[in-house]
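If you read the sequence shown in the working numbering, its first letter stands for residue 1148, the second for the next number, and so on.
Idealized CB from N, CA, C, for every residue including glycine.
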Amino acid sequence: MWVLVAAAFAVAIGYGLVAPVLPQYARSFDVSVTAASVVVSAFAFFRLVFAPAGGFLVDRLGERWVYMSGLLIVVVSTLATGVAQTYWQLLVFRGLGGLGSTMFTISAMALLTRLSPPGARGRIAGLYATAFLIGNIGGPVLGGLLAGFGMRVPFFVYSFTLLVATGVVAVFLRGGRRPSADDGIPEQEALPVREALRHSGYRAALVSSFVNGWSSFGVRVAIVPLFAAANFDAGAGIAGTALASFAVGTAAVISVAGWLSDRYGRRPLVIGGLLVSGVSTLVLGWCDTVPLLVAASVVAGMGAGVLNPAQQASVADVIGADRAGGKVLATFQMASDSGAILGPVLVGLVVDLFGYTAGFALSGGLLLAAVIPWLFARETHEHLVRGTTGE
1148 MWVLVAAAFA VAIGYGLVAP VLPQYARSFD VSVTAASVVV SAFAFFRLVF APAGGFLVDR
1208 LGERWVYMSG LLIVVVSTLA TGVAQTYWQL LVFRGLGGLG STMFTISAMA LLTRLSPPGA
1268 RGRIAGLYAT AFLIGNIGGP VLGGLLAGFG MRVPFFVYSF TLLVATGVVA VFLRGGRRPS
1328 ADDGIPEQEA LPVREALRHS GYRAALVSSF VNGWSSFGVR VAIVPLFAAA NFDAGAGIAG
1388 TALASFAVGT AAVISVAGWL SDRYGRRPLV IGGLLVSGVS TLVLGWCDTV PLLVAASVVA
1448 GMGAGVLNPA QQASVADVIG ADRAGGKVLA TFQMASDSGA ILGPVLVGLV VDLFGYTAGF
1508 ALSGGLLLAA VIPWLFARET HEHLVRGTTG E
């Protein structure tokens, strides 16, 4: 688990290095703001379309090799992005990185699912998410500093951090493989998506994953900065403060939330996280002062921090430790990526027609609506289902 956490931190801090630089780098090829935004979306789009193939590869080849292969694909893609000579080269190279990204993301989720004890899945999911969060907080700061040496430099440094992550996995992640036919240990077939869909907890997790991707990874990144620029002086700085406040709120609760989900079950934490996220997102549309915007962002981050470990642990519960679940995990990831792609577009249209208050109301309403399937879903934590505390 610590190997996966260390690799996650190396990946996240590298991704954070290029995140604040990429739009300006794209604009340096003398293209419009829309064209620059397409470069950002291309990465998520390729992640989405390749997710089913990534899940298939995990089930057939095993997590470790797919994880390392995915990292190496992103290394090559990032290096190529850093030396791109035209906008179209930049678009293609950055988009191809999404293929590798979905490979190592699904592989990591599959490893966490298979190796985590049922009574500790929430805590481990929280620890893994914390490593990503810290990297995503520190990365943009370093990326801004490195950009002073040229906008291509962060891409080269990102490639290096990915190589470090690959080396960590190659050297230290030796155990924990699935039994092979030569071991003489029976292993069940991979869990089909259609079988997972029979579980109400998995169906509810797909819904909450979609709306969380819509709100946390789509609207928060694309719409909140525009809202800050339209309503406050020094909008760019205030937007950065709001995004950082969201991350602080998530970091403050995510580890405790994972522990609570192991002790009291996944459903209460997911429902609570959705309610907090939904209400605070609704409030964002009425924020007319910086302190109120920051406070709403912190609370929204706390809601996401409560939701995510329990949600991921619930999917791991459905799969179990003795079955491969690459396709099931890929479908779960696709739900989030779909929300992240659709959210900014549709909310942007609502904002253009009716204003920011309506846009945030739509996002908050979707988060609150996602509570409904969880109210009728079965608890997935097997120890609690059996009537124990899970400890």
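query = From glycine 1244 to alanine 1377, what does the alpha carbon distance come to, in whole angstroms?
reply = By 1-based counting over the sequence shown, the position of residue 1244 is 97. By 1-based counting over the sequence shown, the position of residue 1377 is 230. Here the alpha carbons of alanine 1377 and glycine 1244 stand approximately 33 Å from one another.
ask   = What are the start and end residues of each continuous alpha helix (DSSP H) run of 4 or more residues lying completely inside the region 1162-1236, in chain order?
value = 1169-1174, 1180-1208, 1210-1229
query = On the three-state DSSP scale, how would you describe proline 1491?
reply = What you label residue 1491 is simply residue 344 of the sequence shown in a count that begins at 1. Here proline 1491 sits in helix by DSSP.
message = Measuring only the C-alpha atoms, how far is phenylalanine 1203 from serine 1188?
response = Here the question's residue 1203 lines up with position 56 in the sequence shown. Here the question's residue 1188 lines up with position 41 in the sequence shown. Whole-angstrom Cα-Cα distance: 24 Å.
inquiry  = Any contact between the region 1446-1463 and the region 1250-1263? By contact I mean 3 or more CB pairs, one from each, below 8 Å.
reply    = Of all C-beta pairs linking the region 1446-1463 to the region 1250-1263, three or more are shorter than 8 Å, placing the two stretches in contact.
Same chain, Cβ closer than 6 Å to alanine 1398, five either side skipped, listed in chain order = Against the sequence shown, residue 1398 aligns to sequence position 251. Taken in chain order, the residues that qualify are Leu1280.
inquiry  = To the nearest angstrom, how far is the alpha carbon of asparagine 1455 from that of glycine 1273?
reply    = One-based indexing of the sequence shown puts residue 1455 at position 308. One-based indexing of the sequence shown puts residue 1273 at position 126. Distance between the alpha carbons of asparagine 1455 and glycine 1273 is about 8 Å.
ask   = In this structure, does DSSP put aspartate 1464 in helix, strand or coil?
value = Taking the sequence shown and counting its residues from 1, one reaches residue 1464 at position 317. Looking at aspartate 1464 - three-state DSSP - the assignment turns out to be helix.
query = Assuming alanine 1278 contacts alanine 1155 under a Cβ cut-off of 8 Å, what Cβ separation, rounded to an integer in Å, is found between them?
reply = Taking the sequence shown and counting its residues from 1, one reaches residue 1278 at position 131. Taking the sequence shown and counting its residues from 1, one reaches residue 1155 at position 8. Going by Cβ atoms, the distance from alanine 1278 to alanine 1155 rounds to 4 Å, so yes, they are a contact pair.
request  = Taking glycine 1419 as part of the alpha helix (DSSP H), name the residues at either end of that continuous run.
outcome  = As a first step, residue 1419 is located in the sequence shown; it is residue number 272 there, counting from the start. Glycine 1419 -> alpha helix (DSSP H) spans 1413-1431.
inquiry  = Please state the DSSP three-state secondary structure of glycine 1472.
reply    = Position 325 of the sequence shown holds residue 1472. Residue state, collapsed to three classes: coil.
ask   = From phenylalanine 1307 to phenylalanine 1357, what distance separates their C-alpha atoms?
value = Indexing the sequence shown from 1 puts residue 1307 at position 160. Indexing the sequence shown from 1 puts residue 1357 at position 210. Near 32 Å, if we compare the C-alpha coordinates of phenylalanine 1357 and phenylalanine 1307.
ask   = Do glycine 1396 and alanine 1317 have their CB atoms nearer than 8 Å?
value = Here residue 1396 corresponds to residue number 249 of the sequence shown, with the count starting at 1. Here residue 1317 corresponds to residue number 170 of the sequence shown, with the count starting at 1. The answer is no: Cβ separation not under 8 Å.
request  = Taking 8 Å as the threshold, find out whether the region 1488-1496 comes into contact with the region 1359-1366 through three or more Cβ pairs.
outcome  = yes
inquiry  = Using the three-state DSSP reduction, which class does methionine 1449 fall into: helix, strand or coil?
reply    = Taking the first residue of the sequence shown as position 1, residue 1449 is located at position 302. Reduced to three states, the DSSP call for methionine 1449 is helix.
message = Rounded to the nearest angstrom, what separates leucine 1344 and glutamine 1480 at their Cα positions?
response = Position 197 of the sequence shown, counted from the start, is the residue given in the question as residue 1344. Position 333 of the sequence shown, counted from the start, is the residue given in the question as residue 1480. Each residue's Cα considered, the two are about 15 Å apart.
ask   = Are valine 1240 and threonine 1249 closer than 8 Å when you measure CB to CB?
value = For this step, residue 1240 is matched to residue 93 along the sequence shown. For this step, residue 1249 is matched to residue 102 along the sequence shown. The sequence as given places phenylalanine at residue 1240; valine does not occur at that position. Cβ distance not < 8 Å, so phenylalanine 1240 and threonine 1249 don't count as in contact.
ask   = Do you know how far the Cα of valine 1186 is from the Cα of leucine 1513?
value = In the sequence shown, the residue the question calls residue 1513 occupies position 366. In the sequence shown, the residue the question calls residue 1186 occupies position 39. So the alpha carbons of these two residues sit roughly 27 Å apart.
Three-state secondary structure assigned by DSSP to phenylalanine 1364 = Counting from 1 along the sequence shown, the entry for residue 1364 is found at position 217. Three-state DSSP puts phenylalanine 1364 in a helix.
task = Compute the Euclidean distance between the alpha carbons of isoleucine 1120 and isoleucine 1418, then round it to the nearest angstrom.
result = Past the boundaries of the shown model lies residue 1120; the chain is included only from 1148 to 1538, so the question cannot be answered.
request  = In angstroms with no decimal places, state the Cα-to-Cα distance between valine 1213 and phenylalanine 1190.
outcome  = Locating residue 1213 in the sequence shown gives position 66, counting from the first residue. Locating residue 1190 in the sequence shown gives position 43, counting from the first residue. The straight-line gap from Cα to Cα measures roughly 19 Å.
task = Quick one: using the 10 Å Cβ neighbour count with 16 as the cut-off for buried, is leucine 1476 buried or exposed?
result = What you label residue 1476 is simply residue 329 of the sequence shown in a count that begins at 1. Using a 10 angstroms sphere on the CB of leucine 1476, the tally of other CB atoms reaches 16 or more, which defines it as buried.
query = Among residues of its own chain, excluding the 5 on either side of valine 1221, which ones have a beta-carbon nearer than 7 Å to its beta-carbon?
reply = Locating residue 1221 in the sequence shown gives position 74, where the first residue counts as 1. Cβ within range, chain order: Gly1244, Gly1247, Ser1248, Leu1309.
ask   = Looking only at its own chain, which residues have a Cβ that is under 6 Å from the Cβ of lysine 1474, when we skip the five neighbours before and after it?
value = Along the sequence shown, read from residue 1 onward, the residue named residue 1474 stands at position 327. If the five residues before and after lysine 1474 are omitted, its C-beta is found closer than 6 Å to the C-beta atoms of Gly1202, Val1340, all from its own chain and listed in chain order.
request  = Could you pull out every unbroken alpha helix (DSSP H) segment of at least 4 residues lying fully inside the region 1239-1295, listed in chain order?
outcome  = 1268-1293
DSSP state of threonine 1504 mapped onto helix, strand, coil = By one-based count along the sequence shown, residue 1504 stands at place 357. Here DSSP, grouped into helix, strand and coil, assigns threonine 1504 to helix.
ask   = Could you check where the alpha helix (DSSP H) with glycine 1348 kicks off and where it finishes?
value = Translated into positions along the sequence shown, residue 1348 becomes position 201. 1347-1359 is the extent of the alpha helix (DSSP H) around glycine 1348.
key: Sub-8 Å separation of tryptophan 1361 and glycine 1217 beta-carbons   = Along the sequence shown, one-based indexing puts residue 1361 at 214. Along the sequence shown, one-based indexing puts residue 1217 at 70. Cβ atoms of tryptophan 1361 and glycine 1217: not closer than 8 Å.
inquiry  = Which same chain residues end up closer than 8 Å to arginine 1525 when comparing Cβ atoms and leaving out the 5 residues on each side of it in sequence?
reply    = Along the sequence shown, read from residue 1 onward, the residue named residue 1525 stands at position 378. Closer than 8 Å at the Cβ level, and outside the excluded window around arginine 1525, lie His1346, Ser1347, Gly1348, Val1532.
query = What do you get for phenylalanine 1296, buried or exposed, if any count of 16 or more other CB atoms within 10 angstroms of its CB means buried?
reply = Indexing the sequence shown from 1 puts residue 1296 at position 149. Exposed, because fewer than 16 other Cβ atoms sit within 10 Å of the Cβ of phenylalanine 1296.
request  = Identify whether alanine 1375 lies in helix, strand or coil by the three-state DSSP scheme.
outcome  = Looking up residue 1375 in the sequence shown gives position 228. Three-state DSSP puts alanine 1375 in a helix.
task = In the DSSP assignment, find the alpha helix (DSSP H) that holds glutamate 1526 and state where it starts and stops.
result = Your numbering for residue 1526 matches position 379 in the sequence shown. No alpha helix (DSSP H) contains glutamate 1526, which DSSP labels as neither H nor E.
key: phenylalanine 1319 versus valine 1223: straight-line alpha-carbon distance, rounded   = Here the question's residue 1319 lines up with position 172 in the sequence shown. Here the question's residue 1223 lines up with position 76 in the sequence shown. Answer to the nearest angstrom: the Cα atoms are 23 Å apart.
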